[in-house]
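This note's numbering puts the first residue of the sequence shown at 1, with every later residue one more than the last. Virtual Cβ for every residue (Gly too), placed ideally from N, Cα, C. The structure presented is a predicted model; accordingly, all values stated were derived computationally and were not measured.
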Amino acid sequence: MDAALSVRRSLEMDLRTALTDGSLHMVYQPQVNRENKVVAVEALLRWSHPLRGAIAPDVFVPIAEECGLILLLGEFVLRRVFEETRDWTQFRIAVNVSAVQMRSPGFAPLLMRLAAQAGINPLNYELELTETALLGDDPVTRGNFDALTRLGFSIALDDFGTGYSSLSLLQRFKVSKIKIDRSFIACLGEGEGADALVGAVVKLARAFRLGVIGEGVETEAQRQRLMECGCNEFQGYLCGQPMTALQLLTTHEALFVQRGSVRRRA
Ligand code: C2E
Ligand code: CA
Ligand code: CA
1 MDAALSVRRS LEMDLRTALT DGSLHMVYQP QVNRENKVVA VEALLRWSHP
51 LRGAIAPDVF VPIAEECGLI LLLGEFVLRR VFEETRDWTQ FRIAVNVSAV
101 QMRSPGFAPL LMRLAAQAGI NPLNYELELT ETALLGDDPV TRGNFDALTR
151 LGFSIALDDF GTGYSSLSLL QRFKVSKIKI DRSFIACLGE GEGADALVGA
201 VVKLARAFRL GVIGEGVETE AQRQRLMECG CNEFQGYLCG QPMTALQLLT
251 THEALFVQRG SVRRRA
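Pasting the structure below:
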């Protein structure tokens, strides 16, 4: 336990340094439709630790949340994403936002400032929140949510199905999209349970007039099952790996050139 605690402490300190030493960068994973056309990308944070190598966000984001660094880390992410993607008007850009950021009173004003500084259009951006971020009807979260949607940002419910998936949550918060968690996609075709659940979530999304996307799609069979359930958008290794802005521009050059504006800033 002592060893684990000391690794954690040292990661915490290194993360502070990482905010300024260039070891953090963003990658972007495509979200595609039935025709395999990129309709959005999700921005994902990467940390190349100078000694320990790549550290997964599943490891360092919770540490940042616990030690209070997530506000600075979240600001870094938003700044960097806006900077790298401001010319990408051909598809939406999704950014992960922590529950801690939503509970911070200055979050919506900060986003407004960063958006204005970068000159981005909030209508092109989607903020991904987990269900737990919206539970409890915390008044600060509610204020941030309303201010951000008024500014034009859309909100997607991430990891749907793993939290409380409460219907009243969908009634209380005007989210625009549900992301079906990859644990359900992984079980598709392995029994009736997962298929029924995914089918039910797609119907739920329809009833609420929301978009719906399947996450963690790794096989053609999973994509087929999702389509049979009525789901028309997919994200996962089958449809595209997370890649840097430059790799995305190169891999999907036709998409960028076809619709105009490309500025190679990455
Ligand atoms: P998430 O938001 O659910 O992101 C999707 C994760 O699934 C990503 O892991 C992605 O690389 C991975 N993934 C994509 N396709 C597949 C697939 O086909 N199969 C499998 N098994 N996995 C797939 P990643 O990048 O390691 O991120 C893990 C989590 O860390 C994210 O889960 C998100 O909760 C958090 N995270 C990442 N970037 C940020 C960020 O900028 N801010 C915040 N607050 N959290 C972040
Ligand atoms: Ca996400
Ligand atoms: Ca997710």
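| Query | Result |
| --- | --- |
| Endpoints, the alpha helix (DSSP H) within which I203 is located | Here residue 203 is Lys; the residue named in the question, Ile, does not match the sequence. Run containing K203: 192–207, per the alpha helix (DSSP H) assignment. |
| D158: CB within 6 Å of a non-hydrogen atom of ligand 3 | yes |
| Check: E215 C-beta below 6 Å from any heavy atom of ligand 3 | yes |
| CB-CB length for H25 against T251, believed under 8 Å | Contact flag wrong, Cβ pair sits at about 17 Å. |
| Distance between S10 and E190 (C-alpha atoms, nearest Å) | 42 Å |
| For M1, the first and last residue of its enclosing alpha helix (DSSP H) | No alpha helix (DSSP H) contains M1, which DSSP labels as neither H nor E. |
| Cβ-based neighbour list, A4, same chain, cut-off 7 Å, excluding 5 preceding and 5 following | none |
| Whole-angstrom distance between I93 and V41, CA atom to CA atom | 5 Å |
| L19 and L72 closer than 7 Å at C-beta | yes |
| Segment contact, 8 Å Cβ cut-off, at least three pairs: the stretch 87–105 with the stretch 135–144 | yes |
| Separation of N33 from I178, as counted between CA atoms | 15 Å |
| Segments assigned alpha helix (DSSP H), at least 4 residues, entirely inside the stretch 46–76 | 57–67 |
| Every unbroken beta strand (DSSP E) inside the stretch 125–156 [3 residues or more] | 125–130 |
| Three or more C-beta pairs below 8 Å linking the stretch 149–166 and the stretch 122–137 | yes |
| Buried or exposed by the 16-neighbour rule on C-beta atoms within 10 Å, applied to E253 | exposed |
| Rounded straight-line distance, which links the Cα of Q241 to that of T219 | 13 Å |
| CA-to-CA distance, A43 to D87, given in whole angstroms | 15 Å |
| Beta-carbon contacts of A221 that lie in its chain and below 7 Å, excluding the five residues immediately before and after | G189 |
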